[in-house]
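Numbering (this note's numbering), first residue to last: 5 to 225. Everything on this sheet refers to the single structure shown next.
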Amino acid sequence: ALKRFLTHPWVITSTIAACFVVFLFTMFMTYAPILVVEARYQYFRLLENTFHTTDIRQIILPSLSFDKIGIKYRDFGMEIPKLFLNEPVVFNVDPDNPAEYKVALQKGIAHAAGTDLPPYHGLGYYFAHSSSPELRNQYNAIFYLLGKLEKGDDVNLWYEDTKYEYVVVDKVVTNPEDTSFLQKQYALPTIVLQTCWPPGTTQKRLLIFAERKTATAAENF
Numbered sequence: 005a006l007k008r009f010l011t012h013p014w015v016i017t018s019t020i021a022a023c024f025v026v027f028l029f030t031m032f033m034t035y036a037p038i039l040v041v042e043a044r045y046q047y048f049r050l051l052e053n054t055f056h057t058t059d060i061r062q063i064i065l066p067s068l069s070f071d072k073i074g075i076k077y078r079d080f081g082m083e084i085p086k087l088f089l090n091e092p093v094v095f096n097v098d099p100d101n102p103a104e105y106k107v108a109l110q111k112g113i114a115h116a117a118g119t120d121l122p123p124y125h126g127l128g129y130y131f132a133h134s135s136s137p138e139l140r141n142q143y144n145a146i147f148y149l150l151g152k153l154e155k156g157d158d159v160n161l162w163y164e165d166t167k168y169e170y171v172v173v174d175k176v177v178t179n180p181e182d183t184s185f186l187q188k189q190y191a192l193p194t195i196v197l198q199t200c201w202p203p204g205t206t207q208k209r210l211l212i213f214a215e216r217k218t219a220t221a222a223e224n225f
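What follows is the structure in structure tokens.
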């Protein structure tokens, strides 16, 4: 009787339909954040190209002056003008402690403990990704657009109300276990931004390297 039930056309059809629904739901949960971030990026890009501003107030009332609303986190934050990204940064997060970095990633971009802070002159490591499925689709979206960055693009860090300006110098796709970049010596104060790659997966890691604009090689010694 059980065999007859399991081979009944209705049961087979229902099982296939259920699997298809689960597949569609999984695809939606994986790629919906990417589509939302991409749509937001294209929207702001259209405003910038058309009106030379992304501030709706300035578009509606062009004769008035408004404070720039893009810099929301001047105490601890990161701004990437090309991506219209402006997010808080949680500093000194242990990247090997899931309980700690999960909390941080719900608040913003995480700075890895043990790497240098903006006032210093070594390497600062920043990430907004997790191999955890629930976080991969939650806050990883912050860095989904990093692949659009090219050499010469600006990255600004705010630390204790002080702005530190960086310029992108390299972009690398590497394996998840590759942490050799943390052991390297850098001629100038450098930051690396890391996210999962391709977007929505955990197969690889995308690393964006940026050097401090106003620094000199002598500052490292």
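Beta carbons are placed, not taken as given, at the ideal position from N, Cα and C, and that holds for glycine.
Cβ neighbour criterion (16 or more within 10 Å) applied to residue i
i: Q198; result: buried
i: C200; result: buried
i: T194; result: buried
i: E83; result: buried
i: S135; result: The pLDDT assigned to S135 is 46, lower than 50, so where the model puts this residue is not dependable; a value taken from the coordinates is nonetheless given after this. The residue is exposed, with fewer than 16 neighbouring Cβ atoms inside 10 Å.
i: F55; result: exposed
i: I16; result: exposed
i: L50; result: exposed
i: P13; result: exposed
i: A214; result: buried
i: V4; result: For residue 4 there is no data in the structure shown, the boundaries of the chain being 5 and 225.
i: L153; result: buried
i: A132; result: buried
i: Y47; result: exposed
For residue i, the first and last residue of its enclosing alpha helix (DSSP H)
i: F105; result: First, the residue type needs correcting, since residue 105 is Tyr and not Phe in the sequence shown. Taken as a continuous stretch (DSSP letters only), the alpha helix (DSSP H) holding Y105 covers 102 to 111.
Residues near residue i by beta carbon distance below 7 Å, same chain, minus five either side
i: L150; result: L197, T199, L210, I212
i: F95; result: F80, H115, L121
i: P203; result: I38, Y148
Span of the beta strand (DSSP E), counted from its first residue to its last, around residue i
i: I195; result: 194 to 201
i: T166; result: 166 to 178
i: A214; result: 208 to 216
i: I84; result: 80 to 84
i: E91; result: 89 to 97
i: G128; result: 127 to 131
i: D158; result: 158 to 163
Chain-order list of residues whose beta-carbon lies under 8 Å from that of residue i (same chain, five-residue window excluded)
i: R44; result: F88
i: T119; result: G126, L127, G128, Y129, L186
i: K208; result: V177, T178, N179, P180, C200, W201, P202
i: D182; result: R209
Sequence-distant residues of its chain with Cβ nearer than 6 Å to residue i (five each side left out)
i: L161; result: M82, P122, Y168
The stretch 170 to 182 in contact with the stretch 100 to 119 per 3-pair CB rule at 8 Å: no
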